[in-house]
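If you count the sequence shown from 1, position 129 lands on 148 in this note's numbering, and the numbers rise without skipping.
Every residue gets a Cβ at the ideal spot worked out from N, C-alpha and C, and that includes glycine.
Remember, it's a predicted structure, so these values are computed and weren't measured experimentally.
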Amino acid sequence: MNTQMILDYLSSLSTNNNREWYHAHKAEYQAANAQFEELIQSLIFRIGEFDSGVLGHAPKELTFKLVRDTRFSRDKSPYNPAFRAHISSMGKLPIPVGYYLMVKPGGQSFLGGGLFANMFKDATKMVRDYISEHGGEWEAVITAPAFQEYFTVQGTALKNVPAGYEKEHPQAGYLKCKSWYLEYPVQDEDFADSEQFLSRAADVFHRMQPFNDYLNHALAGFQMPKR
């Protein structure tokens, strides 16, 4: 697969972020997107070696559109010059959590895992309750050497521990969070080497798996809100 083609297209779109250019270069988009879907298929197989739950999804089911929703944004650029995908047992929905990839040239690409969405109050409460009750397991996951070598838990957080939870809880800092996620940066030159990138991505995602598994245990039974 040609991952450099993906970077080249996204760089051009970033420079020419308008509908006229996008439609005039639809063939380049289709070629780059085909390479990205091929990459996602390879990632599915690599991840499937340690997490079989992701197998069975078609890459096109896991990717996100380039079109931006600009209704409430000062930035009226019509496109997000990034290829993105979320690989999980239930596809690209944010829950259950899975393995996230964003390709955006200029050092903005990353591999991610965990719960990025903080708008689902029920999900946030479920994770807080689980951390509160299983703090030792949480500590074991985030202090494992394979985890600490690559990751720091990130997430939107409150200033104080919310009502209903122990303020002196050993995991009080994480009980403040509304989301819990990981990001591992990927440089353009590393992504351009497809085989090297696939090997690194598989390793990074494997290290994320215990974190994802913990959150998914916490989120067992969660129902996505109906639109």
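Can you say whether residue i is buried or exposed, counting buried as having 16 or more other CB atoms within 10 angstroms of its CB?
i    : result
V86  : exposed
Y169 : exposed
R147 : buried
P204 : exposed
P124 : buried
T34  : exposed
S248 : Only positions 20 to 246 of the chain appear in the structure, and residue 248 is not among them; the question remains open.
W40  : exposed
Q190 : buried
R246 : exposed
R93  : exposed
A239 : exposed
Considering only C-alpha positions, which residue in the set the options is nearest to residue i?
i    : options                   : result
A77  : D70, L29 and I63          : I63
V172 : L201, D141 and Y28        : L201
G131 : L29, A43, L120 and Y28    : L120
A136 : P115, G183 and T89        : P115
F69  : A239, M243, P244 and A220 : A220
G72  : P244, M243 and Q228       : Q228
S96  : D88, L217 and A53         : D88
W199 : A159, K178, I150 and F102 : I150
F230 : E214, D222, A159 and Q206 : A159
L134 : S61, E214, V122 and Y193  : Y193
Express the C-alpha separation of residue j and residue i in angstroms, rounding to a whole number.
i    : j    : result
G75  : I66  : 12 Å
H42  : T162 : 48 Å
A237 : K144 : 9 Å
K195 : P164 : 24 Å
N99  : D27  : 15 Å
R38  : R90  : 16 Å
A50  : M20  : 11 Å
E185 : M109 : 33 Å
V180 : T22  : 44 Å
L259 : F83  : Here the chain covers residues 20 to 246 and nothing more, so residue 259 does not appear.
W157 : H44  : 48 Å
A176 : A46  : 43 Å
E208 : M24  : 12 Å
E152 : G183 : 13 Å
K178 : Y48  : 43 Å
L58  : E214 : 10 Å
S61  : S218 : 10 Å
How close, in whole Å, do the beta carbons of residue i and residue j come, if the pair is a contact with beta carbons under 8 Å?
i    : j    : result
S128 : F210 : 6 Å
F224 : Y118 : 5 Å
F9   : R226 : Because the chain spans 20 through 246 in this model, residue 9 falls outside it and cannot be assessed.
H188 : G155 : Contact doesn't hold; Cβ gap of about 12 Å is too wide.
A101 : L81  : Contact flag wrong, Cβ pair sits at about 15 Å.
Quick check on residue i - is its C-beta less than 8 Å from some C-beta in chain D?
i    : result
L234 : You won't find chain D in this structure, because it holds only one protein chain.
- Message: In chain order, what are the residue ranges of uninterrupted alpha helix (DSSP H) at least 4 long that sit wholly in the segment 137-214?
- Response: As for any alpha helix (DSSP H) of minimum length 4 sitting wholly inside the segment 137-214, the runs are 140-152, 154-162, 164-167, 191-194 and 207-211, ordered along the chain.
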